[in-house]
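J.: My questions all concern the structure below.
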Amino acid sequence: MNLKKYRKKSPWILHYNTGSCNGCDVEILACLAPKYDLERFGVLNRGNPKQSDILLVTGPVTKRARERLIRLYMEMPEPKVVVAVGACACTGGVFRGMYNVENGVDKFIPVDVYVPGCAARPENIIDGVVRALEILEEKKKDLQLTRKCVGDIEYVLGKQLNRRKIVAEGIRRCYEDRRD
Amino acid sequence: MSKELSVVLTLLSPFIGGLVYGFERIVRARMQNRQGPPILQPFYDFFKLMDKRSIMIHSFHAFMGIMYLIGTWFSLYVLLSGGDILIAIFFHVLSLAFLVIGGFSVRSPYSVVGAMRELIHMLAYEPVFVLAAVGLYLVTGTFQVSELLKTDTVPILTLPLVFIAFLLSLPAVLKKSPFDIAEAHQEIIGGPEIEYSGKFYEAVYTAKWIEYVYAFFFVFLFAGGNYFLGAVLVVLSFFIVNLIDNATARVNFRQMVSFHWYILIPLVVVNLMLLALWRA
Ligand code: SF4
Numbered sequence: 009m010n011l012k013k014y015r016k017k018s019p020w021i022l023h024y025n026t027g028s029c030n031g032c033d034v035e036i037l038a039c040l041a042p043k044y045d046l047e048r049f050g051v052l053n054r055g056n057p058k059q060s061d062i063l064l065v066t067g068p069v070t071k072r073a074r075e076r077l078i079r080l081y082m083e084m085p086e087p088k089v090v091v092a093v094g095a096c097a098c099t100g101g102v103f104r105g106m107y108n109v110e111n112g113v114d115k116f117i118p119v120d121v122y123v124p125g126c127a128a129r130p131e132n133i134i135d136g137v138v139r140a141l142e143i144l145e146e147k148k149k150d151l152q153l154t155r156k157c158v159g160d161i162e163y164v165l166g167k168q169l170n171r172r173k174i175v176a177e178g179i180r181r182c183y184e185d186r187r188d
Numbered sequence: 026m027s028k029e030l031s032v033v034l035t036l037l038s039p040f041i042g043g044l045v046y047g048f049e050r051i052v053r054a055r056m057q058n059r060q061g062p063p064i065l066q067p068f069y070d071f072f073k074l075m076d077k078r079s080i081m082i083h084s085f086h087a088f089m090g091i092m093y094l095i096g097t098w099f100s101l102y103v104l105l106s107g108g109d110i111l112i113a114i115f116f117h118v119l120s121l122a123f124l125v126i127g128g129f130s131v132r133s134p135y136s137v138v139g140a141m142r143e144l145i146h147m148l149a150y151e152p153v154f155v156l157a158a159v160g161l162y163l164v165t166g167t168f169q170v171s172e173l174l175k176t177d178t179v180p181i182l183t184l185p186l187v188f189i190a191f192l193l194s195l196p197a198v199l200k201k202s203p204f205d206i207a208e209a210h211q212e213i214i215g216g217p218e219i220e221y222s223g224k225f226y227e228a229v230y231t232a233k234w235i236e237y238v239y240a241f242f243f244v245f246l247f248a249g250g251n252y253f254l255g256a257v258l259v260v261l262s263f264f265i266v267n268l269i270d271n272a273t274a275r276v277n278f279r280q281m282v283s284f285h286w287y288i289l290i291p292l293v294v295v296n297l298m299l300l301a302l303w304r305a
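If you're matching them up, the sequences are chains A and B in order.
The first sequence begins at 9 in our numbering and counts up by one.
The second sequence begins at 26 in our numbering and counts up by one.
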């Protein structure tokens, strides 16, 4: 039985705010509210990384938020996709270059879909989620690593990979090049 | 009910429960002026969860999730095979105990808080369940479901207050607002089920569908041998529970326990006493 087609039919969402101005978060909630009603496609906002398939990230990733971002990403079971919602999450947006932000989500985790706009419109977010679902259907079930861990993590931690160790290593690595 | 029919019904109960849950999601969406998911949505979720890569916290935790499913399923089998109501209730308590132990066995604070709240849930509604069973016994003279379904008496006519109390405790059993404190998706994100993922969450998810069948089968028993009235009661209580779920906000655990202990249990006891006086 081919189970892949069911991925598209019941995407559960985890929404994480990495220090955005809340503009995009409100738009995401508007998608789930009666007017756009994403639940008619089976989308549920679970708020729980272990049970979700799509990570909706908003905000420019402040230095406080990056640890949680890595942790949440690694706690999601594969297959999973990441949608960066809003200009901040894509590039840093209005916060770009500030001393406390990291200019976008894709510095830490691989992003599959970028949804532009400062505040991204609900229609755009829905389009982004639909695009993400197409990607989700093709995804493999291999372990997906955060940006700074790709490549040499098996060399450092040995063949027996363990999520907790990967998270710890990933968090250690984001402090390696600190300037503060 | 014959043995074969009860086994078939028990095996089919996840499908029935899934359909009920899917229908409930549509009803809830329509009550909120939304369109809602298709009725087969719970099964899509089920197949998707089957496809996820599994993450285990530790094997005991995963085992407790599966035991929750088996325990609930078995308690439903006891009911459907015409067994003793009290035994079904105790197996249901046991299955929840598995969930609670699983919740306590991980380090996540949400899981531990949720497990504690689950215990408070049991403290609140189980007495109402047991007293309702006692009421059914007083009216029909038996605890056996198979006998209950054959009697000519219609228990709800002599136990109206017990039925009302039972109906008002259903939200606590099914974890619906105002009594969804153990699950509380906005504050503790599912409580004891938070750490389950993939196939193990699937077990917990299915167990919840079976709980629907379990709870509404109890409602059915209140009509005794009158199956048509039973079906009407089940449909009616389904809509009332959903209406309450949509119209109320979550109360805290003290309010929940005191509502059950100071209002519902006295209601049941008054009904039972009046019944005894009327008979004497
Ligand atoms: S993209 Fe604009 S609206 Fe959205 S979080 Fe960033 S600053 Fe706020």
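Yeah, the Cβ is synthetic: ideal placement off N, Cα and C, and Gly gets one too.
(1) Given a limit of 7 Å on CB to CB distance, which residues of the segment 37-55 of chain A reach chain B?
(2) State the CB to CB distance for the pair T273/B and P203/B, rounded to an integer number of angstroms; the pair is presumed to be in contact (CB under 8 Å).
(3) Would you grab the beta carbon distance between M84/A and L63/A for me? Rounded to a whole angstrom, and I think it's under 8 Å.
(4) Can you pull every residue whose C-beta falls closer than 6 Å to some heavy atom of the ligand SF4, listed in chain order?
(5) Against F188/B, what residues of chain A qualify as contacts under a CB-to-CB distance less than 9 Å, listed in chain order?
(6) Less than 8 Å separating the beta-carbons of R129/A and E47/A?
(7) Quick check on this structure: which residue in G255/B, P152/B and L36/B has the alpha carbon closest to the alpha carbon of L182/B?
(8) List, from N- to C-terminal side, the alpha helix (DSSP H) runs of 4 residues or more that fit wholly inside the segment 57-123 of chain A.
(9) Is it right to say G43/B is buried, meaning 16 or more other beta carbons lie within 10 angstroms of its own, or is it exposed?
(10) Tell me whether the beta-carbon of L121/B lies closer than 8 Å to the beta-carbon of A113/B.
(11) Buried or exposed, going by whether 16 or more other CB atoms sit within 10 Å of the CB of V238/B?
(12) Output, in chain order, the set of chain A residues within a Cβ distance shorter than 8 Å of A311/B.
(13) So is P185/B buried or exposed if we call it buried at 16+ other beta carbons inside 10 Å?
(14) When DSSP builds the beta bridges, which residues end up paired with D109/B?
(15) When you compare only the Cα positions, how much space is there between E208/B and V158/A?
(16) Quick one: using the 10 Å Cβ neighbour count with 16 as the cut-off for buried, is N251/B buried or exposed?
(17) Considering only their Cβ atoms, is the gap separating S18/A from G55/A smaller than 8 Å?
(18) Within 8 Å (strictly less), CB to CB, does P124/A reach chain B?
(19) In chain order, what residues of the same chain have a beta carbon less than 7 Å from the beta carbon of T167/B, not counting five sequence neighbours either side?
(20) Have a look at K13/A, L11/A, H23/A and N10/A and flag the residue whose alpha-carbon is nearest the alpha-carbon of I214/B.
(21) Which of helix, strand or coil does DSSP assign to L302/B?
(22) Starting from N25/A, trace the beta strand (DSSP E) in both directions and tell me its first and last residue.
(23) Whose CA, out of G90/B, F48/B and R55/B, lies closest to the CA of Q224/B?
(24) Let me check understanding here. Comparing Cα to Cα, which of I235/B, G160/B and L156/B lies closest to I41/B?
(25) Comparing alpha-carbon positions, which option in P87/A, C126/A and L80/A lies nearest C98/A?
(26) Where do the N-terminal and C-terminal ends of the alpha helix (DSSP H) with R59/B fall, by residue?
(27) Closest to I288/B by C-alpha separation, out of K73/B, G107/B, V260/B and Y150/B, would be which residue?
(28) Would you check if there are 3 or more beta carbon pairs closer than 8 Å linking the segment 115-132 of chain B to the segment 263-277 of chain B?
(29) If we call anything under 8 Å between Cβ atoms a contact, is V69/A one with G31/A?
(30) With distances taken from CA atoms, which of F247/B, P291/B, S283/B and Y230/B is nearest D70/B?
(31) Mind listing which residues of the segment 70-81 of chain B have their C-beta closer than 9 Å to chain A's C-betas, in chain order?
(32) Going by the beta-carbon positions, is the gap between K58/A and S84/B smaller than 8 Å?
(33) Chain A beta carbons: is any one of them nearer than 8 Å to that of Y237/B?
(34) So G136/A is in the alpha helix (DSSP H); what residue range does that whole segment cover?
(35) Note the first and the last residue of the continuous alpha helix (DSSP H) segment covering I64/B.
(36) Can you confirm whether P130/A, when its beta carbon is compared against all beta carbons of chain B, has any partner nearer than 8 Å?
T.: Checking against the coordinates, here is how it stands:
(1) P42, D45, E47, R48, G50 and G55
(2) As a first step, residue 273/B is located in the second sequence; it is residue number 248 there, counting from the start. As a first step, residue 203/B is located in the second sequence; it is residue number 178 there, counting from the start. Indeed, because the Cβ distance is near 4 Å, the residues count as touching under 8 Å.
(3) Sequence index remark: in the first sequence, residue 84/A carries index 76 (1-based). Sequence index remark: in the first sequence, residue 63/A carries index 55 (1-based). Yes, M84/A and L63/A are in contact; Cβ-Cβ is about 6 Å, under 8 Å.
(4) S28/A, C29/A, G31/A, C32/A, T66/A, G67/A, G94/A, A95/A, C96/A, G101/A, V102/A, C126/A and A127/A
(5) Position 163 of the second sequence, counted from the start, is the residue given in the question as residue 188/B. The contacting residues do not exist; F188/B stays about 33 Å from chain A at best.
(6) Position 121 of the first sequence holds residue 129/A. Position 39 of the first sequence holds residue 47/A. Contact: no.
(7) Position 157 of the second sequence, counting from 1, holds the residue named residue 182/B. The shortest C-alpha separation from L182/B is found at G255/B.
(8) 73-83 and 95-99
(9) As a first step, residue 43/B is located in the second sequence; it is residue number 18 there, counting from the start. G43/B counts as buried, since at least 16 other C-beta atoms from the protein chains shown sit within 10 angstroms of its C-beta.
(10) Working through the second sequence from its first residue, we reach residue 121/B at position 96. Working through the second sequence from its first residue, we reach residue 113/B at position 88. No, they are not a contact pair.
(11) Taking the first residue of the second sequence as 1, we reach residue 238/B at position 213. Looking at its Cβ environment, which holds 16 or more other Cβ atoms inside 10 Å, V238/B is buried.
(12) Nothing in the structure corresponds to residue 311/B, since chain B is present only between 26 and 305.
(13) Here residue 185/B is taken as the residue at index 160 of the second sequence, counted from 1. That one is exposed.
(14) Here the question's residue 109/B lines up with position 84 in the second sequence. Answer by DSSP bridge pairing, in chain order: Q169/B.
(15) Locating residue 208/B in the second sequence gives position 183, counting from the first residue. Locating residue 158/A in the first sequence gives position 150, counting from the first residue. Near 37 Å, if we compare the C-alpha coordinates of V158/A and E208/B.
(16) The residue given as residue 251/B occupies position 226 in the second sequence. Result: buried.
(17) Translated into positions along the first sequence, residue 55/A becomes position 47. Translated into positions along the first sequence, residue 18/A becomes position 10. The answer is no: Cβ separation not under 8 Å.
(18) Taking the first sequence and counting its residues from 1, the one referred to as residue 124/A is at position 116. Output row for P124/A: interface = no.
(19) One-based indexing of the second sequence puts residue 167/B at position 142. Counting only Cβ-Cβ distances below 7 Å, and skipping sequence neighbours, we find L173.
(20) Position 189 of the second sequence holds residue 214/B. I214/B has its Cα closest to that of H23/A, out of K13/A, L11/A, H23/A and N10/A.
(21) For this step, residue 302/B is matched to residue 277 along the second sequence. Note: L302/B maps to helix in three-state DSSP.
(22) Here residue 25/A is taken as the residue at index 17 of the first sequence, counted from 1. According to the DSSP assignment, N25/A belongs to the beta strand (DSSP E) that extends over W20 to N25.
(23) Here the question's residue 224/B lines up with position 199 in the second sequence. Inspection of the sequence shows that residue 224/B is occupied by Lys rather than by Gln. For the residues G90/B, F48/B and R55/B, the minimum Cα distance to K224/B belongs to G90/B.
(24) Against the second sequence, residue 41/B aligns to sequence position 16. Comparing Cα-Cα distances from I41/B to each of I235/B, G160/B and L156/B, the minimum goes to I235/B.
(25) Position 90 of the first sequence, counted from the start, is the residue given in the question as residue 98/A. That would be C126/A, whose Cα lies nearest to the Cα of C98/A.
(26) Counting from one through the second sequence, the residue named residue 59/B turns up at place 34. Where R59/B is concerned, there is no enclosing alpha helix (DSSP H), given that its DSSP letter is neither H nor E.
(27) Sequence index remark: in the second sequence, residue 288/B carries index 263 (1-based). When only C-alpha atoms are compared, the closest one is Y150/B.
(28) no
(29) Here residue 69/A corresponds to residue number 61 of the first sequence, with the count starting at 1. Here residue 31/A corresponds to residue number 23 of the first sequence, with the count starting at 1. For V69/A and G31/A, no; Cβs fall outside 8 Å.
(30) Position 45 of the second sequence, counted from the first residue, corresponds to residue 70/B. Cα-wise, what sits closest to D70/B is Y230/B.
(31) Per Cβ criterion, the list reads D70, F71, F72, K73, L74, M75, D76, K77, R78, S79 and I80.
(32) In the first sequence, the residue the question calls residue 58/A occupies position 50. In the second sequence, the residue the question calls residue 84/B occupies position 59. Going by C-beta atoms, K58/A is not nearer than 8 Å to S84/B.
(33) Here residue 237/B refers to the residue found at position 212 of the second sequence. For Y237/B, the answer is no, since every Cβ of chain A falls outside 8 Å of its Cβ.
(34) Residue numbering aside, residue 136/A sits at position 128 when the first sequence is read from its first letter. Unbroken alpha helix (DSSP H) run through G136/A: P130 to E146.
(35) Numbered from its first residue, the second sequence carries residue 64/B at position 39. I64/B -> no alpha helix (DSSP H), and no H or E assigned at all.
(36) For the purposes of this step, residue 130/A is identified with residue 122 of the first sequence, where counting begins at 1. False, the Cβ-Cβ gap to chain B never drops below 8 Å.
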